[in-house]
Amino acid sequence: TNYVTYDLNRPLHVFDADKVAGDVTMRLARDGEEIVALDGNTYRLDAQMVVIADDNGPEGIGGVMGGEATGVTETTTSVFLEVALFDPVRIAMTGRKLAIQSDARYRFERGLDPCSAQWGPEVAARLILKLCGGEVSHVVAAGDIPATRRTVAYRPARVASLGGLDVPRPVQTRILGALGFEIAEGGDDGAWQVRVPTWRNDIEGEACLVEEVLRIHGYEEIPQVPLARESDLPRPALNAMQRRVDLARTALAWRGLEEAVTFSFVSSRLADLFGGVPEALRLINPISADLDVMRPSVLPGLVAAAKRNIDRGQNEVALFEIGPQYADATPEGQTLVAAGLRAGRAGPRHWAVPERDVDAFDAKADALAVLDACNAPGANLQVTTDAPAWYHPGRSGILRLGPNVLACFGELHPRVLEGLDLRGPVAAFEVFVTRVPMPRARAGKARPALDLSPFQPVERDFAFIVDAAVPADKVVRAARGADKALIADVAVFDVYVGKGVPEGKKSLAIAVTLQPRDHTLSEAEIEAVSARIIAQVHKATGGTLRR
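Structure representation (structure tokens):
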């Protein structure tokens with residue numbers, strides 16, 4: 036039977052006739068029925084699957100695999116030969132549900148020559164008699180072979196119009212005839228009536244016949260023709276989200292990270308370190324035991340790639356990937372994320388710069404670079420410390436825009452590093468690209484020209500004594516709110532705890548840039564703004580100016 040399957044593409048199955056109990060029937064399985072197949076595994080069936088059954092129950096999964104109970108052994112003396120036609124869709128669904136890959140399933144789900152149900156048992160029976168001897172019983176048939184001989188109207192000139200190659204009509208006749216097609220010329224439009232052989236169920240219409248002619252005549256004979264070039268594009272080559280992804284990719288490459296492309300599925304053990312996945316995201320038929328669930332985050336694949344690089348002597352790793360991550364099996368549960376990580380030393384080695392390891396601030400800078408490339412309103416972002424559990428609780432954060440989480444960043448949790456046997460620290464970030472609001476399009480209005488002030492900016496430094504628990508972002512936002520029109524930038528440049536600072540407090544220094552638009556600032560105006568900054572910081576944080 037295997038020989039007939041491989042030689043003639045006709046799967047069939049033999050049962051040990053002495054092991055068959057009563058009549059043999061073909062029916063739909065009953066929910067909950069079980070069968071031990073020839074591979075030794077037990078399969079639970081449902082009512083959508085076809086079975087070959089006897090009085091004892093299912094003895095074979097139709098079109099997929101036979102059962103072990105009636106299998107042929109070296110002691111078999113009588114065999115029952117079964118040949119059938121099955122619905123390709125039903126066989127494909129059965130094989131997928133049961134996770135069975137077999138030669139029979141491979142052929143049935145792609146469609147067979149219906150006439151093989153007639154000559155298939157004859158060929159197999161002759162082989163059995165020739166090799167083993169014995170006697171053949173009469174054939175018991177049920178059902179009718181479907182009428183599958185189709186006729187397709189075919190115009191030989193379509194080879195030139197569709198395929199770009201002028202093939203003479205006699206050559207086309209010879210090619211199609213050699214492939215088993217029957218041709219009847221005629222018709223007012225010059226079309227041929229071509230009968231399709233029963234074993235070619237992939238032929239659907241005229242274009243399929245054109246392909247057959249070109250395939251045999253030779254694709255290499257088709258002349259090269261340059262594509263027409265238009266002076267301008269009728270529509271943008273990329274949509275807004277695609278442009279955003281390209282800008283994010285460029286920003287991360289500019290910051291020195293290398294792009295990686297990892298699988299969208301990871302191992303269960305790795306996924307559990309990053310929050311785990313629901314049962315709906317477990318693969319029924321994974322390509323590997325280590326790739327059995329859809330990834331809940333882009334980071335697991337990047338962390339695994341970083342470990343492989345570190346294990347091979349690449350001590351400084353900086354990788355990023357832009358791709359989907361999955362929260363559940365619905366389309367809404369798929370989120371486009373730009374994620375990355377850094378491990379090892381921060382920056383290149385230099386005699387004038389002390390070496391340091393990567394930290395949460397490197398990851399934050401990467402995340403902010405992506406958000407800036409996506410045109411996120413940076414001045415409105417808020418930093419909170421409620422990062423996911425796979426980040427270090429004291430060295431991580433979240434970037435929010437109102438209630439929306441736009442990014443997470445920080446050092447990975449020691450528990451995650453220990454589970455991966457990875458040396459730390461490892462700084463990582465995740466930017467949820469689709470959550471960044473798109474700029475509002477204004478009909479009829481182009482982007483305004485860049486308006487630079489002709490007046491000199493003024494920078495003033497302030498150092499505040501605040502509680503140790505006060506986040507720097509709170510001080511920055513308070514200072515910026517003192518005069519939103521005049522204050523162009525606020526940046527933290529020093530944090531100090533030690534001599535001269537009361538216990539439980541810290542000194543936080545910020546640089547404030549004032550940018551006038553219509554005149555040069557006087558000293559009195561600068562002092563007035565400075566006073567408002569000090570008052571706003573004190574009101575928001577209780578901080579006082581360090582003297």
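Residues 36 to 582 (my numbering) make up the sequence shown, in order. Cβ atoms here follow ideal geometry from the backbone N, Cα and C, with glycine treated the same way.
Local Cβ density within 10 Å of residue i, reported as buried at 16 or more and exposed below that
| i | result |
| --- | --- |
| residue 196 | exposed |
| residue 427 | buried |
| residue 448 | buried |
| residue 1 | Residue 1 lies beyond the residue range present for the chain, which begins at 36 and ends at 582; the question has no answer from this structure. |
| residue 48 | buried |
| residue 143 | buried |
| residue 431 | buried |
| residue 180 | exposed |
| residue 487 | exposed |
Segment limits, alpha helix (DSSP H) that includes residue i
| i | result |
| --- | --- |
| residue 164 | 151-167 |
| residue 123 | 123-133 |
| residue 207 | 204-213 |
| residue 572 | 558-576 |
| residue 251 | 241-252 |
| residue 542 | From DSSP, residue 542 is part of no alpha helix (DSSP H) but of the beta strand (DSSP E) over 540-549. |
| residue 276 | 275-289 |
| residue 404 | 395-408 |
| residue 143 | 138-143 |
| residue 198 | 193-198 |
| residue 65 | From DSSP, residue 65 is part of no alpha helix (DSSP H); its letter is neither H nor E. |
For residue i, the first and last residue of its enclosing beta strand (DSSP E)
| i | result |
| --- | --- |
| residue 432 | 426-436 |
| residue 345 | Taken as a continuous stretch (DSSP letters only), residue 345 belongs to no beta strand (DSSP E), being part of the alpha helix (DSSP H) at 334-346. |
| residue 43 | Residue 43 -> not in any beta strand (DSSP E); alpha helix (DSSP H) instead, spanning 37-43. |
| residue 228 | 227-230 |
| residue 370 | 369-378 |
| residue 419 | 417-419 |
| residue 454 | Looking at the DSSP string, residue 454 is not in any beta strand (DSSP E); the run it does join, the alpha helix (DSSP H), is 449-454. |
| residue 528 | 522-531 |
| residue 467 | 461-467 |
| residue 594 | Given a span of 36 to 582 for the chain in the structure shown, any question on residue 594 remains unanswerable. |
| residue 114 | 114-117 |
| residue 496 | 493-502 |
Check whether residue i and residue j have beta carbons under 8 Å apart
| i | j | result |
| --- | --- | --- |
| residue 444 | residue 398 | yes |
| residue 255 | residue 200 | no |
| residue 7 | residue 263 | Here the chain has residues from 36 to 582 only, and residue 7 is not among them. |
| residue 120 | residue 160 | no |
| residue 297 | residue 340 | yes |
| residue 345 | residue 387 | no |
| residue 107 | residue 51 | yes |
| residue 471 | residue 411 | yes |
| residue 54 | residue 104 | yes |
| residue 589 | residue 521 | In this structure the chain extends from 36 to 582, so residue 589 is not present and cannot be described. |
| residue 89 | residue 67 | no |
| residue 282 | residue 301 | no |
| residue 415 | residue 441 | no |
| residue 577 | residue 510 | no |
Closer than 8 Å to chain C by CB, residue i
| i | result |
| --- | --- |
| residue 462 | Chain labels in this structure do not include chain C; a single protein chain is all it has. |
Rounded Cβ spacing between residue i and residue j (contact assumed at less than 8 Å)
| i | j | result |
| --- | --- | --- |
| residue 544 | residue 529 | 4 Å |
| residue 190 | residue 226 | 5 Å |
Should the region 89-105 be regarded as contacting the region 122-139, the criterion being three or more beta carbon pairs within less than 8 Å?
Yes: the two stretches touch, three or more of their Cβ pairs being nearer than 8 Å.
Closer than 8 Å is the cut-off here; do at least three beta carbon pairs connect the region 381-390 with the region 321-337?
Cβ pair count under 8 Å is below three, so no.
The region 418-433 / the region 300-313 touching (three or more Cβ pairs under 8 Å)
A contact exists between the region 418-433 and the region 300-313.
Does the count of Cβ pairs from the region 226-240 and the region 167-177 closer than 8 Å reach three?
Short answer: they don't touch.
If you pair each beta-carbon of the region 561-580 with each one of the region 502-519, do three or more pairs fall below 8 Å?
The region 561-580 makes contact with the region 502-519, as at least three CB pairs between them are under 8 Å.
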